[in-house]
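A.B. asks: This is the structure, below, for whatever I ask next.
Residue numbers (this note's numbering), protein chains in the order written: chain A, 1 to 334; chain Y, 1001 to 1334.
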């Protein structure tokens, strides 16, 4: 299989979605985000998700024609009802509304409810930082993590993303899930009947396990143990309680066409970096980054991602044969 | 040494501060926060800090007479210059201003610059949640943690605190520092010539160490390793870059009367829980907490703290002899 250009991959993704009960406008936004993830080397959040997305749109588990409802509930609060549609149009519209407000208010909050998988969380905040804004974003997701000391999954892996503008460089982007390891790695180990390192997961009795299948049946452990578990709860509250969305344990899977809708939530905060500062923000920020880079063995978050992106823009991205065949078939089916 | 009532301890703390170049109003706010920490069992953030606070006020490293400068820079942005004074008056005034705004704006940001040790971070956010607001707070602090992969301390232990109101119960409060272990524990081990567990710290070459003294000379490791290191950076940016305050590596110590002022920064976000929700916030929040508590072996964050507080309100708190003698001497010195 030769590499696909990003343009070709996006066109293919749009076709798959439009053939699967999704509007052209929504398909464009979903495809753009998935292809961007592939370009950044985040293939687990790229077009590998498309078959599951398409199945869900076809079954109605996600509404591919949904038009998000965006309401400015007060001067700096944007409430978005994704209406059980794809996350990408809901997030984009909420953030666009917020970005137009933040120069007047200094900070804006965006709560997005009844939503779906928002892909790589960094994608959304990076776009805001490209406009000169600091952006913090988070989401809950279907249950993967038990409460600390407990046995049953309640919370998602609940990623946090953060982006900060720079004057003469792309924004600094931080994007991390709060599980110690990605659930995908455990799935892979289970498929290959391999064990997993201690500390990644507990079984259905809440006991530490290195058995990958027992881990899949059980719960992932949070990064940072008890402290990380508290952060998982914090993100669940801001993403799901605050927006009135499903908790992880109420949410249907992101991966299967059947079952109940995920209807999870996201929360974003946009900040105008000039409104809180006693000194020049950009100068001070570059000073900090230089202090980090002056130490051997360090690198700034996102360096690898940006390098891969430049490479993908030039050379395209590699898509596995079986996935490519699957997407081509879906694209042709209309 | 008998236990002291909280009232007696506060009166003693106020006297110590007023005798050490601090205004009565500022002394009251500092004392209130420190005694609250002792009541909650957080003695490392209680009146044990007073000798160092008093020494710094006497030397002018912290300005005990500072009146914070609070400016509403835009509709939802409060900028506070603590003017190298104690943190508590600056945080209190910034949050009071923000709480008055948030019903109109839905969210308010409070940047507090040129500040000092803000004590137990949970203290500040809990007060906001008692007024029905969700509050998120964070601060940087003098250098303790190296950038990931690096050798020299740049960042503080950078705590995050979060509080969320409940209808028929005290607010849920999360309060955690981002170092894997408290630096105080390493200090104690070094004093007793004991080793520390692997994973807590690295030496000045950036190599893992179990030697407590080498760890003190070196850097603490973040909770959650590389992911935690990214969160440490996030908090440093929002607390210090955003507010125009000193970075951890620029900040003077919280513990010594001499040296440069800390002049670090804090950032708070207040949220009106009703402005982002598609469903009733309080009902949904209680549902989540009940789901956590339904699992054996779990407990809600802050349960221990509240139990100790009730006990302290009844029985007072124990203050070690040497500390009590120190405080009495300082209280009498005026």
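Glycine is no exception: its CB is placed at the ideal position from the N, C-alpha and C atoms.
#1: For the alpha helix (DSSP H) that residue 1268 of chain Y lies in, which residues bound it at each end?
#2: Under 8 Å, do residue 138 of chain A and residue 59 of chain A count as touching if we go by C-beta distance?
#3: What is the DSSP secondary structure of residue 256 of chain A, reduced to helix, strand or coil?
#4: Starting from residue 1065 of chain Y, trace the beta strand (DSSP E) in both directions and tell me its first and last residue.
#5: Given this structure, state the Cα-to-Cα distance separating residue 194 of chain A from residue 218 of chain A, to the nearest angstrom.
#6: Any heavy atom of the ligand ZN within a distance shorter than 7 Å of the CB on residue 1289 of chain Y?
#7: Just to confirm my understanding: we take residue 1034 of chain Y, look at its own chain, exclude 5 residues before and 5 after, and list those with CB closer than 7 Å. What are they?
#8: So with CB distances below 8 Å, who are the chain A contacts of residue 1156 of chain Y?
#9: Are three or more beta carbon pairs between the region 1119-1130 of chain Y and the region 1166-1174 of chain Y nearer than 8 Å?
#10: Could you compute how far the alpha carbon of residue 305 of chain A sits from the alpha carbon of residue 1326 of chain Y?
#11: Using the three-state DSSP reduction, which class does residue 316 of chain A fall into: helix, strand or coil?
#12: Assuming contact is defined by CB atoms lying nearer than 8 Å, are residue 1275 of chain Y and residue 253 of chain A in contact in what I supplied?
#13: Measure the C-alpha to C-alpha separation of residue 185 of chain A and residue 1053 of chain Y and round it to an integer number of angstroms.
#14: Find the nearest neighbour of residue 1231 of chain Y within the set Y:1308, Y:1179, Y:1188 and Y:1065, judged by alpha-carbon distance.
#15: Residues of chain Y with CB closer than 8 Å to the CB of residue 249 of chain A, please, in chain order.
#16: So which residues on chain Y does residue 81 of chain A lean against when the C-beta distance must stay under 8 Å?
#17: Using a C-beta cutoff of 8 Å, does residue 306 of chain A count as contacting chain Y?
#18: Identify, in the order they occur along the chain, each residue of the same chain with its Cβ nearer than 6 Å to the Cβ of residue 331 of chain A, setting aside the five sequence neighbours on each side.
#19: Using a threshold of 8 Å, state whether the C-beta atoms of residue 134 of chain A and residue 164 of chain A are closer than that.
#20: Per DSSP, what kind of secondary structure is residue 299 of chain A in: helix, strand or coil?
#21: Which residues, in order along the region 1060-1089 of chain Y, keep a beta-carbon less than 7 Å from a beta-carbon of chain A?
#22: Just to make sure I have the definition right: I need the residues of chain A whose C-beta is within less than 7 Å of the C-beta of residue 1148 of chain Y. Which are they?
#23: In the DSSP assignment, find the unbroken alpha helix (DSSP H) run with residue 281 of chain A in it and report its ends.
#24: For residue 150 of chain A, which residues in the same chain have their Cβ closer than 7 Å to its Cβ, ignoring the five residues on either side in sequence?
#25: What does the Cβ neighbour count give for residue 1208 of chain Y, buried or exposed, with the cut at 16 atoms within 10 Å?
#26: Are the CB atoms of residue 223 of chain A and residue 183 of chain A nearer to each other than 8 Å?
#27: Identify, in the order they occur along the chain, each residue of the same chain with its Cβ nearer than 7 Å to the Cβ of residue 187 of chain A, setting aside the five sequence neighbours on each side.
#28: Looking at the unbroken alpha helix (DSSP H) that takes in residue 127 of chain A, where does it start and where does it end?
#29: For a quick check, are the C-beta atoms of residue 1154 of chain Y and residue 1143 of chain Y less than 8 Å apart?
#30: Specify, as a first and last residue, the run of the alpha helix (DSSP H) that residue 1077 of chain Y falls within.
#31: If we cut at 8 Å on Cβ distances, does residue 1145 of chain Y have a partner in chain A?
#32: Are the region 107-114 of chain A and the region 269-287 of chain A touching, with three or more C-beta to C-beta distances below 8 Å?
#33: Closest to residue 225 of chain A by CA distance: which of Y:1210, Y:1181 and Y:1201 is it?
#34: Residues of chain Y with CB closer than 8 Å to the CB of residue 42 of chain A, please, in chain order.
#35: Report yes or no: is there a C-beta of chain Y within less than 8 Å of the C-beta of residue 113 of chain A?
#36: From the DSSP output, read off the bridge partner residues of residue 1220 of chain Y.
C.D. replies: Looking at the atomic coordinates:
#1: Looking up residue 1268 of chain Y in the second chain gives position 268. Taken as a continuous stretch (DSSP letters only), residue 1268 of chain Y belongs to no alpha helix (DSSP H), being part of the beta strand (DSSP E) at 1264-1271.
#2: Your numbering for residue 138 of chain A matches position 138 in the first chain. Your numbering for residue 59 of chain A matches position 59 in the first chain. No, Cβ-Cβ distance for residue 138 of chain A and residue 59 of chain A is not below 8 Å.
#3: The residue you call residue 256 of chain A lines up with position 256 of the first chain. Three-state result, residue 256 of chain A: coil.
#4: Stepping through the second chain from its first residue, residue 1065 of chain Y is reached at position 65. Element bounds for residue 1065 of chain Y: n/a, residue is neither H nor E.
#5: For the purposes of this step, residue 194 of chain A is taken as the residue at position 194 of the first chain. For the purposes of this step, residue 218 of chain A is taken as the residue at position 218 of the first chain. For residue 194 of chain A and residue 218 of chain A, the distance between alpha carbons rounds to 16 Å.
#6: The ligand ZN is not part of the structure shown, which contains no ligands of any sort.
#7: Looking up residue 1034 of chain Y in the second chain gives position 34. So the qualifying residues of the chain are 1013, 1046, 1047, 1049, 1050 and 1119.
#8: By 1-based counting over the second chain, the position of residue 1156 of chain Y is 156. Simply none; closest approach about 13 Å.
#9: yes
#10: In the first chain, counting from the first residue as 1, residue 305 of chain A sits at position 305. In the second chain, counting from the first residue as 1, residue 1326 of chain Y sits at position 326. Their backbone Cα atoms lie some 55 Å apart in a straight line.
#11: Here residue 316 of chain A refers to the residue found at position 316 when the first chain is read from its first residue. DSSP places residue 316 of chain A in coil when its eight states are reduced to three.
#12: The residue you call residue 1275 of chain Y lines up with position 275 of the second chain. The residue you call residue 253 of chain A lines up with position 253 of the first chain. No; because the gap between Cβ atoms is not below 8 Å, this pair is not in contact.
#13: In the first chain, residue 185 of chain A corresponds to position 185, counting from 1. In the second chain, residue 1053 of chain Y corresponds to position 53, counting from 1. Distance between the alpha carbons of residue 185 of chain A and residue 1053 of chain Y is about 49 Å.
#14: Start at 1 with the first residue of the second chain, and residue 1231 of chain Y comes out as number 231. Checked all of Y:1308, Y:1179, Y:1188 and Y:1065; the closest Cα to residue 1231 of chain Y is Y:1179.
#15: Here residue 249 of chain A refers to the residue found at position 249 of the first chain. Near residue 249 of chain A (Cβ distances below 8 Å), the residues of chain Y are 1291.
#16: On the first chain, position 81 is the one that residue 81 of chain A refers to. Correct list: 1278.
#17: Residue 306 of chain A sits at position 306 when you count from the first residue of the first chain. No, residue 306 of chain A does not count as interfacial toward chain Y.
#18: Residue mapping note: residue 331 of chain A aligns to position 331 of the first chain, counting from 1. Counting only Cβ-Cβ distances below 6 Å, and skipping sequence neighbours, we find 12, 15 and 16.
#19: The count along the first chain starts at 1 and reaches residue 134 of chain A at position 134. The count along the first chain starts at 1 and reaches residue 164 of chain A at position 164. A contact, by the Cβ cut-off of 8 Å.
#20: Residue 299 of chain A sits at position 299 when you count from the first residue of the first chain. Residue 299 of chain A falls in the coil class under three-state DSSP.
#21: 1073, 1074, 1075, 1076, 1077, 1079 and 1081
#22: Reading the second chain from its first residue, position 148 is the one you call residue 1148 of chain Y. By Cβ distance, chain A contributes 298.
#23: The residue labelled residue 281 of chain A in the question sits at position 281 within the first chain. 281-293 is the span of the alpha helix (DSSP H), which, as asked, contains residue 281 of chain A.
#24: Mapped onto the first chain, residue 150 of chain A falls at position 150. Cβ neighbours of residue 150 of chain A beyond the five flanking positions: 206.
#25: By 1-based counting over the second chain, the position of residue 1208 of chain Y is 208. So residue 1208 of chain Y ends up on the exposed side.
#26: Start at 1 with the first residue of the first chain, and residue 223 of chain A comes out as number 223. Start at 1 with the first residue of the first chain, and residue 183 of chain A comes out as number 183. Going by C-beta atoms, residue 223 of chain A is not nearer than 8 Å to residue 183 of chain A.
#27: Looking up residue 187 of chain A in the first chain gives position 187. Excluding positions up to five away in sequence, the list reads 216.
#28: Sequence index remark: in the first chain, residue 127 of chain A carries index 127 (1-based). 121-129 is the span of the alpha helix (DSSP H), which, as asked, contains residue 127 of chain A.
#29: To locate residue 1154 of chain Y, count along the second chain from 1; it is residue 154. To locate residue 1143 of chain Y, count along the second chain from 1; it is residue 143. Yes, they are a contact pair.
#30: Position 77 of the second chain holds residue 1077 of chain Y. Where residue 1077 of chain Y is concerned, there is no enclosing alpha helix (DSSP H), although the beta strand (DSSP E) it sits in stretches over 1077-1081.
#31: Your numbering for residue 1145 of chain Y matches position 145 in the second chain. Not closer than 8 Å to any Cβ of chain A, the Cβ of residue 1145 of chain Y fails to qualify, so no.
#32: yes
#33: To locate residue 225 of chain A, count along the first chain from 1; it is residue 225. When only C-alpha atoms are compared, the closest one is Y:1181.
#34: Position 42 of the first chain holds residue 42 of chain A. The premise fails here: residue 42 of chain A is roughly 15 Å from chain Y at the closest Cβ pair, so nothing lies under 8 Å.
#35: Here residue 113 of chain A corresponds to residue number 113 of the first chain, with the count starting at 1. Yes, its Cβ sits closer than 8 Å to a Cβ of chain Y.
#36: Position 220 of the second chain holds residue 1220 of chain Y. Looking at the DSSP assignment, residue 1220 of chain Y forms a beta bridge with Y:1145 and Y:1201.
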